[in-house]
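Enquirer: Using my numbering, you'd call the opening residue of the sequence shown number 4 and step up by one each time. Okay, here's the structure, questions in a sec.
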Amino acid sequence: MVRTPPSAADQLLLQLAAERGTKVSGRQLERWRAQPNPLLPANARTRPGRPAGGSASTADPVLVDLVVWLGQHSRPGADPLHLALGAFGAGLPVPEATVRKAFARQVVRLAERITDQAGPAPEAGDIQEWVSDRADEIAQRSARRMSGVNRRIRAVDRQLRQLPAVAELWKFADGFDPDRSDIEPLDNTGVLFHGLAAAVGGADGITPEVIARVARAQAGRDVPQYTARLLETDPLDPLAAIRTTPAHRLPGLPSESVVNHVASVAQEAPLERLRAGWAAAGEMAAWAEALCQAVEAELSVEPPGGDACLEWIFGQLFGIGRMYLIKGLAEPSPTAGQQALTALELVFSFDAINSVLAATDSDGHETLRRLAPRFLLKLAAVEAPSARATKA
């Protein structure tokens with residue numbers, strides 16, 4: 004078949020890419036524009052064109068950066084949706100529909116993994132019973148994979164608890180969380196069990212007391228925990244953000260599933276928040292490893308202690324970032340798919356935490372900015388929508 008030569012606009016794109024040291028062919032431009040998930044927008048159309056009454060395309064200089072990026076990162080057999088995520092994360096104008104498809108695919112795959120292991124949710128009957136029957140076995144398998152990460156974290160926790168330089172800080176913190184010894188923290192399997200129960204069954208089966216036990220488990224048994232104390236004593240509902248019906252429902256999951264809320268983020272969150280979430284997710288592992296190394300280094304010198312130790316301790320006391328420390332160490336080199344799913348989870352959880360803090364005091368948003376890990380400040384810098392649209 005005789006192939007039509009590149010248009011004048013495409014020839015200009017190819018020329019500009021070549022001037023930047025990246026050789027791209029007209030056939031590649033065709034592939035990158037192919038449906039159903041185009042990576043490259045079409046050239047702009049102008050009228051009149053040739054012949055009179057038609058239209059002609061013009062090269063958009065903004066697309067040159069995208070063409071160069073795709074030319075440098077495309078490989079035979081490369082997943083086009085992974086390419087879309089990478090280019091989008093680099094700030095390039097990938098078509099919005101493709102970007103949302105790339106993010107949403109990861110949530111669909113998560114739902115498929117859950118239903119593969121637990122079976123589809125029953126159309127009628129007790130959802131919490133269905134979750135409980137299956138979540139324990141899944142949680143036990145996952146807990147074994149986390150053992151090395153938790154050993155490292157617990158070793159640091161023990162040394163910091165005994166650090167003379169912060170003895171007064173611990174004494175002060177003990178005062179705002181009395182009676183914590185009466186509360187039994189969850190073990191690793193319990194944390195994963197309740198997380199899975201919420202992800203699948205929704206908020207109704209998870210009480211503030213359970214969330215507090217999860218927070219205490221992540222902070223360490225002997226550590227005062229302000230977030231847990233607040234959950235145990237404050238009448239505010241920490242799960243208000245997920246008690247609405249999500250706009251999207253994935254096959255095999257109850258409509259109230261938190262996974263459906265995350266799917267709604269992929270479909271409806273502003274693109275700038277998705278990009279901020281992608282950037283934050285990409286930095287999580289490096290932040291977690293750097294913090295661990297910095298604290299371990301500060302504990303190995305005389306006198307022990309320093310800024311990294313204080314950052315770690317405040318993470319324990321307030322809980323914001325503790326779960327991300329664990330996740331970052333567990334996924335040191337995330338795939339594009341893992342990074343995309345983490346990005347959606349970060350956007351969803353960050354907005355939920357933000358809304359709770361905003362309800363606790365007039366300076367709640369600023370409190371979050373002060374206590375959040377540095378990699379999350381990318382999300383704090385992008386204004387969140389006041390409310391996400393939902394469908395009945």
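Ideal placement from N, C-alpha and C gives every residue a C-beta, glycine not left out.
Helix, strand or coil, according to DSSP, for Ala375 in the structure here?
Expert: Note: Ala375 maps to coil in three-state DSSP.
Enquirer: Run the CB neighbour count on Met4, radius 10 Å, all protein chains shown included, and call it buried at 16 or more, exposed below.
Expert: Confidence at Met4 is low in this model, with a pLDDT of 45, below 50, so the placement of that residue should be treated as unreliable; the coordinate-derived value is given next. By the 10 Å Cβ count, Met4 comes out exposed.
Enquirer: Please name the residue in Pro227, Gly205 and Gly204 whose C-alpha comes closest to that of Ala215.
Expert: Nearest of Pro227, Gly205 and Gly204 to Ala215, Cα basis: Pro227.
Enquirer: Please confirm whether Val262 and Val203 have their CB atoms less than 9 Å apart.
Expert: The answer is yes: Cβ separation under 9 Å.
Enquirer: Under 8 Å, with one C-beta from each stretch per pair, do the region 323-342 and the region 254-272 reach the 3-pair mark?
Expert: No, they do not touch.
Enquirer: Tell me the DSSP bridge mates of Thr192?
Expert: Note: Thr192 sits in no beta bridge, so no partner.
Enquirer: Which residues in the same chain have their Cβ closer than 6 Å to the Cβ of Lys397, if we skip the five residues on either side of it in sequence?
Expert: No statement about residue 397 is possible, as the shown extent of the chain runs from 4 to 395 and does not include it.
Enquirer: With the cut-off set at 9 Å, would you say Ala339 and Asp68 are in Cβ contact?
Expert: Cβ atoms of Ala339 and Asp68: not closer than 9 Å.
Enquirer: Measure the alpha-carbon distance for Leu113 versus Pro167 and round it to whole angstroms.
Expert: One C-alpha to the other measures close to 45 Å.
Enquirer: Going by beta-carbon coordinates alone, are Leu189 and Arg232 separated by less than 9 Å?
Expert: Going by C-beta atoms, Leu189 is not nearer than 9 Å to Arg232.
Enquirer: Could you check what DSSP says for Thr2 in three-state terms: helix, strand or coil?
Expert: For residue 2 there is no data in the structure shown, the boundaries of the chain being 4 and 395.
Enquirer: To the nearest angstrom, how far is the alpha carbon of Val194 from that of Ser10?
Expert: One C-alpha to the other measures close to 58 Å.
Enquirer: Rounded to whole angstroms, what is the Cα-Cα separation between His197 and Val213?
Expert: Those two C-alpha atoms are separated by around 8 Å.
Enquirer: If contact is defined by three or more beta carbon pairs under 8 Å, each pair taking one atom from either stretch, is the region 313-321 in contact with the region 234-249?
Expert: Output reads no: the region 313-321 does not touch the region 234-249.
Enquirer: For a minimum of 4 consecutive residues, which ranges assigned as the alpha helix (DSSP H) are wholly contained in the region 199-224?
Expert: Qualifying alpha helix (DSSP H) stretches, in chain order: 211-222.
Enquirer: Give every residue of the same chain whose Cβ lies closer than 6 Å to the Cβ of Thr345, excluding the five residues on either side of it in the sequence, and list them in chain order.
Expert: Cβ within range, chain order: Ala284.
Enquirer: Tell me the residue span of the alpha helix (DSSP H) that contains Gly280.
Expert: It spans Leu274 to Leu302 - the alpha helix (DSSP H) in which Gly280 sits, taken as one unbroken run.
Enquirer: Please go through the same chain and pick out, in chain order, the residues whose beta-carbon is closer than 8 Å to the beta-carbon of Leu95, but skip the five residues on each side of it.
Expert: Correct list, in chain order: Asp68, Leu69 and Trp72.
Enquirer: Since I believe Pro41 is in contact with Pro98 (beta carbons under 8 Å), could you give me their beta-carbon distance rounded to a whole number of angstroms?
Expert: Yes, they are in contact, since the Cβ atoms of Pro98 and Pro41 sit about 5 Å apart, within 8 Å.
Enquirer: In or out: Gln14 buried (at least 16 other Cβ within 10 Å) or exposed?
Expert: By the neighbour-count rule (16 or more Cβ atoms within 10 Å), Gln14 is not buried but exposed.
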